[in-house]
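Written below as structure tokens is the structure these notes are about.
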Amino acid sequence: MEVDLLFTHIPITEERLKDHTVIVIDVLRASTTISIALKNGAREVIPTVDVPSAIQLAENLSRDNLLLCGEREGRIIEGFDLGNSPIEYTADTVNGKSLIFCSTNGSITISKTASAKGTVVAGFINAAACIDYIIGQNDKFLFICAGNKQQFCLEDVVCGGLMIDILMKKLEKDCRMTDGTEAAHYLFKKYENGYLNLLRQCNHGKYLQSLGMGDDLEICSALDNIGNVPVYRQGKITLNSAEVISS
Ligand code: MLT
């Protein structure tokens, strides 16, 4: 069993993705928003690498049942339908819609994993469900923290450490850990009793509070509150097929 963790998306290479199941983590806020959008009935979320590709994709698709979503500097992009606050993604707004989604770090990270064996999108709100889904599917796991503008983000790494802890306990067998997974697991132990406090103290959490988006932190810190498994395949994120059949 091999478990590795990258602190940002920058070191992603084809070699690292090959044969690996990837877990993309962007706690604040892309992972959380995507999970909530799908729970509230969005048909699919299509991640893009930048704003021009999001706009171009929207121009090439019928605007019926399509929403253009995303943020820059945490705020809605001009001309877009939705920003990146999970509060915006209610069932009334997203049910039955396709969402083109462009965020500063999360959507790029997800898009870069296209050649992995599989990719799930995870945060605190669906950590255990994602581990349940990937376990038994592979023996090579790569956790990728989205980070912020190519820099380490504490909240993503703590969430990675939490998921590694769940994985190790469930597997009850030896995992080949890297320095990255050891460090994430160590940080998880420091913060495991207070994810909301962690989000209030970390750099991006403070920034979101300064924009008046402090309520988002409560949603993003609610451990296993959603429990679905967004799966990225063929350019789109949808719920894993078992969840779709049972809903
Ligand atoms: C991102 O993908 O960069 C984040 O989700 C930023 C944000 O908080 O909107």
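Following my numbering, the numbering of the sequence shown begins with 1327 at its first residue and continues without gaps.
Don't be surprised by glycine CBs; every beta carbon is placed ideally from N, CA and C.
For this session: Starting from the Cα of T1419, find the closest Cα among A1380, A1363, E1544, Y1459 and give me that residue.
Result: Among A1380, A1363, E1544, Y1459, the Cα nearest to that of T1419 is on A1363.
Exercise. Would you say the beta carbon of D1352 comes nearer than 6 Å to a heavy atom of ligand 1?
Worked result: Indeed, a heavy atom of ligand 1 lies less than 6 Å from the Cβ.
Exercise. By Cβ distance below 8 Å, which residues in the same chain neighbour V1377 in space, the five residues on each side in sequence not counted?
Worked result: Within the same chain, V1377 has close Cβ partners G1396, R1398, I1403, C1428.
For this session: Determine, using beta-carbon pairs with one atom in the region 1511–1522 and one in the region 1400–1415, whether at least three such pairs fall under 8 Å.
Result: Counting C-beta pairs closer than 8 Å gives fewer than three between the region 1511–1522 and the region 1400–1415, which falls short of the contact rule.
Exercise. Is the beta carbon of S1437 within less than 6 Å of some heavy atom of ligand 1?
Worked result: For S1437, the shortest C-beta to heavy atom distance toward ligand 1 is 6 Å or greater.
Exercise. Looking only at DSSP bridge pairs, what is E1417 linked to?
Worked result: Note that residue 1417 is Ala in the sequence shown, not Glu. Note: A1417 sits in no beta bridge, so no partner.
Exercise. Taking the continuous beta strand (DSSP E) assigned at R1398, which residues delimit it?
Worked result: Looking at the DSSP string, the run of the beta strand (DSSP E) that includes R1398 is 1392–1398.
Exercise. Can you name the residues that DSSP bridges to I1351?
Worked result: Answer by DSSP bridge pairing, in chain order: A1448, C1471.
Exercise. From the beta carbon of A1548, is the nearest beta carbon of chain D less than 7 Å away?
Worked result: The structure shown contains no chain D, having only a single protein chain.
Problem set entry | contact_flag[the region 1374–1388, the region 1474–1481] where n(CB pairs < 8 Å) is 3 or more | They do not touch, by the three-pair rule.
For this session: Kindly indicate which three-state DSSP category I1563 falls into: helix, strand or coil?
Result: Under the three-state reduction of DSSP output, I1563 falls in the strand class.
For this session: Report the residue from N1519, L1543, G1538, L1537 whose alpha carbon sits nearest the alpha carbon of R1526.
Result: Per the Cα distances, L1543.
Problem set entry | Through-space distance from S1433 to K1562, alpha-carbon basis | Rounded to the nearest angstrom, the two C-alpha atoms are 11 Å apart.
For this session: Tell me, to the nearest whole angstrom, how far the beta carbon of N1452 is from that of D1550; I am working on the premise that it is less than 8 Å.
Result: Contact between N1452 and D1550 holds: CB atoms are separated by about 7 Å, below the 8 Å threshold.
For this session: Go to P1373, then tell me how far its beta strand (DSSP E) extends in each direction, as first and last residue.
Result: That run of the beta strand (DSSP E) goes 1370–1373.
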